[in-house]
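Report on one structure; see the data block that follows.
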Amino acid sequence: MSTARTAVRIEGRGPVAMALALFLARQGFGPGSLLTDPIPDELPDWLASRAIALSLGSWQLLSRVAALPPAAPILRVEASLRGRAGRTRMQAADLHAPALGYVLRYGSLHRALADALAARQAGATPGEIAAVAALAVVADGDPGTASKLLDFEQTALLAELVAERDGHCTAFERFTDEGPLALLPLPQPRRYALVWCARPAESARRAELGAPGFEAGLREAFGSALGALRLDSNRVLAPLQRKVRRPGDEPGRIAIGNAAQALHPVAGQGLNLGLRDAFELAALLGELRASGRPLENAANAFARARRADRALTVAITDTLAQAFTWPAIARLESLALGALDLAAPARNRVASSLMFGLRSG
Ligand SMILES: Cc1cc2nc3c(=O)[nH]c(=O)nc-3n(C[C@H](O)[C@H](O)[C@H](O)COP(=O)(O)OP(=O)(O)OC[C@H]3O[C@@H](n4cnc5c(N)ncnc54)[C@H](O)[C@@H]3O)c2cc1C
Numbered sequence: 458m459s460t461a462r463t464a465v466r467i468e469g470r471g472p473v474a475m476a477l478a479l480f481l482a483r484q485g486f487g488p489g490s491l492l493t494d495p496i497p498d499e500l501p502d503w504l505a506s507r508a509i510a511l512s513l514g515s516w517q518l519l520s521r522v523a524a525l526p527p528a529a530p531i532l533r534v535e536a537s538l539r540g541r542a543g544r545t546r547m548q549a550a551d552l553h554a555p556a557l558g559y560v561l562r563y564g565s566l567h568r569a570l571a572d573a574l575a576a577r578q579a580g581a582t583p584g585e586i587a588a589v590a591a592l593a594v595v596a597d598g599d600p601g602t603a604s605k606l607l608d609f610e611q612t613a614l615l616a617e618l619v620a621e622r623d624g625h626c627t628a629f630e631r632f633t634d635e636g637p638l639a640l641l642p643l644p645q646p647r648r649y650a651l652v653w654c655a656r657p658a659e660s661a662r663r664a665e666l667g668a669p670g671f672e673a674g675l676r677e678a679f680g681s682a683l684g685a686l687r688l689d690s691n692r693v694l695a696p697l698q699r700k701v702r703r704p705g706d707e708p709g710r711i712a713i714g715n716a717a718q719a720l721h722p723v724a725g726q727g728l729n730l731g732l733r734d735a736f737e738l739a740a741l742l743g744e745l746r747a748s749g750r751p752l753e754n755a756a757n758a759f760a761r762a763r764r765a766d767r768a769l770t771v772a773i774t775d776t777l778a779q780a781f782t783w784p785a786i787a788r789l790e791s792l793a794l795g796a797l798d799l800a801a802p803a804r805n806r807v808a809s810s811l812m813f814g815l816r817s818g
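Put into structure tokens, the structure is as follows:
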């Protein structure tokens with residue numbers, strides 16, 4: 458068999474592209490059979506400062522291939538409906554897990570993965586043959602213009618806050634009539650990342666308010682669980698759309714991560730889903746390679762293997778992003794959250810699927 462038939466080219470320079478390269482290296486793909494794009498040293502601030510909640514499952518997968526940076530553990534998630542009864546609390550202790558997940562900044566994760574990749578590639582000269590690889594994996598974060606689009610008509614306002622009181626490793630999710638509002642604990646004490654989703658005009662208005670007016674509005678929307686909340690960063694606006702790449706007819710090309718599906722951030726699942734894509738693809742390619750079968754055969758098998766996890770994660774995320782903004786069903790949702798709080802097995806199943814998704818290893 459020629460080397461080209463066993464070579465993979467990865468297009469992209471984000472965390473999913475780098476994780477795939479690291480997972481493939483563990484499957485025995487050396488520099489001569491793996492071609493990656495150059496990884497940038499610097500990221501734009503708006504991206505580097507983005508808070509990312511990694512599920513416990515993602516944390517475990519990445520710990521196998523990289524030394525991960527300091528992160529804030531999430532020991533509890535408190536979900537509630539603003540202004541209505543009904544709330545639920547998921548706790549790591551109920552699941553006998555060390556944490557439900559960990560929060561870090563995109564920039565520190567990017568650096569940790571880039572360092573791990575550089576260490577793998579140190580001193581190696583990628584074989585020329587890799588340039589004519591059998592398989593190209595698209596992991597450039599862009600699902601393309603022909604993707605299926607759902608416009609939530611929401612913009613996320615992102616900022617960092619310092620809270621008066623310690624939240625004891627709790628992540629908060631408030632479902633408001635305008636969209637979800639989340640506060641994620643950051644690695645520094647009493648510091649939180651805010652993701653506040655609302656109609657675009659409202660988010661734009663809030664981004665322009667003076668700090669006292671902004672903090673007062675936030676307190677009204679979030680409540681007093683953490684005492685006073687002080688704005689301590691720039692405010693960044695991110696438009697929210699869900700995009701799913703349409704199945705292509707290009708043989709020998711597979712899209713993963715945001716290049717396959719870009720989700721609303723409400724459930725913190727976009728990167729987690731992309732990392733599961735990368736892990737499963739590496740396992741499949743490792744099997745094909747070990748048994749001497751051509752890598753071009755991977756596309757259909759990969760699509761089949763990932764269908765259920767992708768469809769479930771997209772559906773849960775779409776529903777959470779919109780459901781609570783429909784006044785007619787808000788009361789039902791309030792009952793559902795209340796019921797979930799009473800039904801520990803159901804609550805733990807939801808927590809477990811957000812922690813691990815559907816993956817094989
Ligand atoms: C507000 C917000 C909060 C989120 N929170 C979470 C969360 O808590 N948990 C979670 O799992 N997911 C979260 N996500 C989703 C997560 O960020 C993406 O799913 C993940 O980054 C996809 O990784 P990727 O490698 O496929 O694409 P990425 O490479 O991350 O690509 C994403 C975009 O970033 C840009 N980009 C990448 N590198 C560069 C660069 N060097 N220079 C300029 N631009 C660049 C590109 O425009 C690209 O379209 C969030 C997304 C948003 C918008």
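First residue of the sequence shown: 458, per this note's numbering; consecutive thereafter.
We put the CB at the ideal spot given by N, CA and C, even for glycine.
Note that the coordinates shown come from a computational prediction; the quantities given were computed from them, not determined experimentally.
ask   = Any idea if Val-465 is buried or exposed, counting beta-carbon neighbours within 10 angstroms, 16 or more meaning buried?
value = In this structure Val-465 is buried. Its beta-carbon is surrounded by 16 or more other beta-carbon atoms within 10 angstroms.
Straight-line gap, Glu-630 to Pro-637 (C-alpha atoms, nearest Å) = Glu-630 and Pro-637: Cα-Cα distance of roughly 7 Å.
inquiry  = In this structure, how does DSSP classify Gln-645 when only helix, strand and coil are distinguished?
reply    = Secondary structure at Gln-645: coil, using DSSP grouped into helix, strand and coil.
inquiry  = Nearest by alpha-carbon distance to Gln-517: which of Phe-736, Val-595 and Gly-709 is it?
reply    = The candidate whose alpha carbon is nearest that of Gln-517 is Phe-736.
query = Do Gly-667 and ligand 1 come close, with the Cβ less than 8 Å from some heavy atom?
reply = Checking every heavy atom of ligand 1 against the Cβ of Gly-667, none is found closer than 8 Å.
message = Given this structure, state the Cα-to-Cα distance separating Arg-663 from Arg-746, to the nearest angstrom.
response = C-alpha separation (whole angstroms): 53 Å.
ask   = Closest to Ser-515 by CA distance: which of Gln-611, Thr-493, Gly-731 and Met-547 is it?
value = That would be Gly-731, whose Cα lies nearest to the Cα of Ser-515.
key: Near ligand 1: Asp-608 beta-carbon under 8 Å from a heavy atom   = No; taking the cut-off as 8 Å, the Cβ of Asp-608 has no heavy atom of ligand 1 nearer than that.
ask   = Whole-angstrom Cβ separation of Pro-696 and Thr-776, contact assumed at under 8 Å?
value = Actually they are not in contact, since the Cβ atoms of Pro-696 and Thr-776 sit about 20 Å apart, beyond 8 Å.
task = Determine the direct distance from the alpha carbon of Leu-683 to that of Val-473, and round the result to whole angstroms.
result = One C-alpha to the other measures close to 34 Å.
query = Can you tell me the Cα-Cα spacing of Leu-412 and Ala-724, whole angstroms?
reply = Given a span of 458 to 818 for the chain in the structure shown, any question on residue 412 remains unanswerable.
Unbroken alpha helix (DSSP H) run spanning Arg-703, endpoints = No alpha helix (DSSP H) holds Arg-703; DSSP gives it neither H nor E.
Chain-order list of residues whose beta-carbon lies under 8 Å from that of Ala-785 (same chain, five-residue window excluded) = Residue confidence is low: Ala-785 scores 48 on pLDDT, short of 50, so the model does not pin down where it sits. Its coordinate-derived value is still stated next. Counting only Cβ-Cβ distances below 8 Å, and skipping sequence neighbours, we find nothing.
query = Are the region 754-764 and the region 709-722 touching by the rule of at least three beta carbon pairs closer than 8 Å?
reply = The region 754-764 vs the region 709-722: in contact.
query = Between which two residues does the alpha helix (DSSP H) harbouring Gly-727 extend?
reply = Per DSSP, Gly-727 is one residue of the alpha helix (DSSP H) stretching across 727-747.
ask   = Is it right to say Ala-579 is buried, meaning 16 or more other beta carbons lie within 10 angstroms of its own, or is it exposed?
value = Around the beta carbon of Ala-579, a 10 Å sphere encloses fewer than 16 other beta carbons of the protein chains shown; the residue is thus reported as exposed.
Per-residue burial, Gln-645 [other beta carbons within 10 Å of its own, 16 or more giving buried] = Label assigned to Gln-645: exposed.
key: Reference His-553; option with closest CA among Arg-533, Gln-718 and Gln-779   = Comparing Cα positions, the closest option is Arg-533.
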